[in-house]
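Position 194 of the sequence shown, counting from 1, maps to 195 under the numbering used here, and the rest follow consecutively.
Built from N, CA and C at the ideal position, the CB exists for glycine as well.
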Amino acid sequence: RPVGGRPRSWQGGERGEETGGHLIMYNCNKCLAPFGANTQVAITACNHTFCVPCAKEIVHTGAGCPACGTDVLKSSVKVVVHQRDPADAKHMLCGQSPEFITQSCASALRFHNEQIQFELEREAQNQVDQERQNFASFQESVKAKLTEIHGAYKRYKGKCSDLVEEQAGLIRDRNELQDKYAQKTAQARRLQEICENLQKENQKLKKIQGAPLFDARPLPPQEVSEGSHHGL
């Protein structure tokens with residue numbers, strides 16, 4: 002992330018270091034390798050820097066500048082020596098006209114701004130790529146969790162279906178038992194009625210069997226005299 006208007010990697014130590022307020026190290030805009038002191042650096046017309054091997058590869062393949070996509074021709078590539086000590090650059094301007102010095106400084110500032118912009122865009126792209134990777138990982142974890150939840154839901158749904166079927170079976174069994182109980186209850190009532198009728202019949206039979214075949218009681222006297230009179 003930019004700090005103070007410049008990429009964090011340029012705040013000293015990681016890919017560049019400052020001496021006397023001057024940034025004295027740049028990186029290859031393709032392989033990102035830092036340039037050492039007195040290293041040959043290829044500079045394109047679009048103000049991007051490359052190490053010589055990367056510059057040769059870009060020119061040979063014709064793929065264009067990796068930083069901005071501009072066509073890179075061999076004739077437009079300038080190979081310079083990277084000066085680590087700012088004093089060496091100052092000595093190179095000695096004896097030059099003010100117009101040349103002004104143009105050189107303007108070109109150097111424009112180049113410096115292009116490099117800062119490139120580094121800012123690269124770090125921003127790295128952050129975007131990292132966020133995309135984090136989001137993809139989060140999406141995968143959410144997808145896996147949803148798959149797990151869906152699987153658990155299907156299992157519980159199957160168990161609920163089994164329980165519903167089991168409950169329906171229990172209700173059928175209960176209804177069958179109730180019907181059988183009602184039938185047995187009706188049979189018991191009928192048997193009870195039959196038993197009561199048999200008991201009544203038995204009581205009647207007992208009464209009949211216990212009574213004499215004729216009445217052996219003596220007739221009253223009036224009935225005897227009247228019988229005797231009628232006989233006479």
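In the three-state reduction of the DSSP assignment, residue 39 falls in the coil class.
The beta-carbon distance between residue 80 and residue 41, rounded to whole angstroms, is 6 Å. This is short enough to meet the 8 Å contact definition. DSSP places residue 81 inside the beta strand (DSSP E), whose first and last residues are 79 to 82. Contact check for residue 43 and residue 53: beta-carbon distance about 6 Å, within the 8 Å limit, so the pair qualifies.
In the structure shown, the three-state DSSP call for residue 186 is helix. Taking C-alpha positions only, residue 57 is separated from residue 75 by approximately 8 Å. In the assembly as shown, residue 61 is an exposed residue. Its beta-carbon has fewer than 16 other beta-carbons within 10 Å.
In the structure shown, residue 45 adopts coil according to DSSP, grouped into three states. Taking the CA atoms as reference points, residue 129 sits about 25 Å from residue 55. Residue environment for residue 32: exposed (fewer than 16 other C-beta atoms within 10 angstroms of its C-beta). By the criterion of a C-beta distance shorter than 8 Å, residue 207 is surrounded by no residue of its chain, once the five residues flanking it on both sides are discounted. Secondary structure note for residue 29: it is in no alpha helix (DSSP H), with a DSSP letter that is neither H nor E.
In the three-state scheme derived from DSSP, where H, G and I count as helix and E and B as strand, residue 52 is classed as strand. Nearest C-alpha to residue 71 among 127, 47, 150: 47. In its chain, beyond the 5 residues on either side, 51, 52, 55 have a beta carbon closer than 6 Å to the beta carbon of residue 29.
The Cβ atoms of residue 27 and residue 116 sit closer than 7 Å to each other. Separation of residue 183 and residue 194 (C-alpha to C-alpha, rounded to the nearest whole angstrom) is 16 Å.
One thing to note: residue 78 has its Cβ no nearer than 7 Å to the Cβ of residue 103. Within its own chain, the residues whose Cβ lies closer than 7 Å to the Cβ of residue 65, once the five positions on either side in sequence are excluded, are 71, 72, 73, listed in chain order. Straight-line spacing of the CA atoms in residue 119 and residue 138 works out to 28 Å.
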